[in-house]
Amino acid sequence: MTIAQTGLAPASHRVLAWRAWLGARWRGLVLPAVAIAAWWALAHLGWVSTPLLVSPGKVLDTAANQIASGQLWRALSASLARELTGFAIGTTLGLALGALLGLLPLFNRIVGPSFNTFKQISLFAWIPLISVWFGLGDVAKVTFLSLAALVPVVVNTCDGIRNTPASLLEVARVFGYSRWQTLLHVVLPAAAPSIFTGVYLALIYSWLATIGAEYLLVAGHGIGNTLIEGSEHFQMDLVIFGMFVIGVVGWSMNALARALERRLARHRFGAA
Numbered sequence: 001m002t003i004a005q006t007g008l009a010p011a012s013h014r015v016l017a018w019r020a021w022l023g024a025r026w027r028g029l030v031l032p033a034v035a036i037a038a039w040w041a042l043a044h045l046g047w048v049s050t051p052l053l054v055s056p057g058k059v060l061d062t063a064a065n066q067i068a069s070g071q072l073w074r075a076l077s078a079s080l081a082r083e084l085t086g087f088a089i090g091t092t093l094g095l096a097l098g099a100l101l102g103l104l105p106l107f108n109r110i111v112g113p114s115f116n117t118f119k120q121i122s123l124f125a126w127i128p129l130i131s132v133w134f135g136l137g138d139v140a141k142v143t144f145l146s147l148a149a150l151v152p153v154v155v156n157t158c159d160g161i162r163n164t165p166a167s168l169l170e171v172a173r174v175f176g177y178s179r180w181q182t183l184l185h186v187v188l189p190a191a192a193p194s195i196f197t198g199v200y201l202a203l204i205y206s207w208l209a210t211i212g213a214e215y216l217l218v219a220g221h222g223i224g225n226t227l228i229e230g231s232e233h234f235q236m237d238l239v240i241f242g243m244f245v246i247g248v249v250g251w252s253m254n255a256l257a258r259a260l261e262r263r264l265a266r267h268r269f270g271a272a
């Protein structure tokens, strides 16, 4: 038995994998670091008018004030509450409608053309109707976010179900599976990657739509309202800080969704 066979080889592979992961992360920080350095130089050397491009230090001061005063947490909690509520409603309805479109050919022939027309309408084209029907409060915002989450879930759920390999369906038929067993043990597992993609897109789209809803349906608190406040008072430090928060939250959602996807994939293939 060699040293490699006793377990040192797997350990070395883990070290190499860790180094590769760390190297990729450091490479990903190069562009932000260059951008921040250029930003600091432009602001510090006075090449751009200060009111238009405040210094990184000014933004950090604003961030500290927003955190210490609790304004950031109030705005962020309001935005996340709307986003998660709209995401949950849109995803639930999207899974149900997508499953019906994918499983029932007659339902697809009747409803499919109408849905295909519906999904071509720009999301922001719904703002005038929503504002008239529901006002400018949270109900209107959540309705808007639900629409943002609905479409990607419906499309990916339907496609995932309808693209179940015929060979798997044939195996289920040979083993005498009932329709319910075929759905649970064949169709849904085969469609799971596509369904998860739809849910992932719904999460990202609903967060982006949250900022748009708060900016266009101006009422209450939220990160979008922070941007409006900074813009109206010409506080570019507040605007830049708000944009940074939006980006960090979106990045965090993406990272969490991808981590969950990898975990589910390992569980799925491990079970197989």
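Numbering of the sequence shown is given in full-length UniProt numbering, commencing with residue 1 and proceeding in unit increments. Yeah, the Cβ is synthetic: ideal placement off N, Cα and C, and Gly gets one too. Owing to the predicted nature of the structure, the values given are computational and were not obtained by experimental measurement.
DSSP places Ile110 inside the alpha helix (DSSP H), whose first and last residues are Pro105 to Phe118. For Ala43, same chain residues with a beta-carbon under 6 Å away, outside a window of 5 residues either side, are Leu53 and Ser55 in chain order.
Judged by DSSP in its simplified three-state form, Pro165 adopts coil rather than helix or strand.
Of the residues assessed, Thr117 falls on the exposed side of the cut-off, its CB having fewer than 16 other CB atoms within 10 angstroms. CA-CA distance, Trp73 to Ile121, rounds to 34 Å.
Along the length of the segment 32-97, whole alpha helix (DSSP H) runs at least 4 residues long occupy 56-69, reported in chain order. Here Leu97 is buried, its C-beta having at least 16 other C-beta atoms within 10 Å.
Scanning Phe175, Phe134, Gly102 and Leu208 for the CA closest to the CA of Ala149 turns up Leu208. A direct Cα-Cα distance of roughly 33 Å separates Gly220 from Ala259.
The C-beta distance from Gly94 to Val154 rounds to 5 Å, short enough to meet the 8 Å contact threshold. The residues Gly86, Ile89 and Gly90, in chain order, have a CB closer than 6 Å to that of Ser146 in the same chain once the five nearest residues on each side in sequence are set aside.
Distance from Phe241 to Thr92 at the Cβ level is roughly 34 Å; contact not present, criterion being Cβ atoms closer than 8 Å. In the structure shown, Ile127 falls within a helical segment according to DSSP collapsed to helix, strand and coil. In the DSSP assignment, Val199 falls within the unbroken alpha helix (DSSP H) covering Leu188 to Leu216.
Just measuring C-alpha positions, the residue of Gly250, Leu101, Ala257 and Ala64 sitting nearest Ile161 is Leu101. Fewer than three pairs of CB atoms, one per stretch, sit closer than 8 Å, so the segment 177-189 makes no contact with the segment 230-238.
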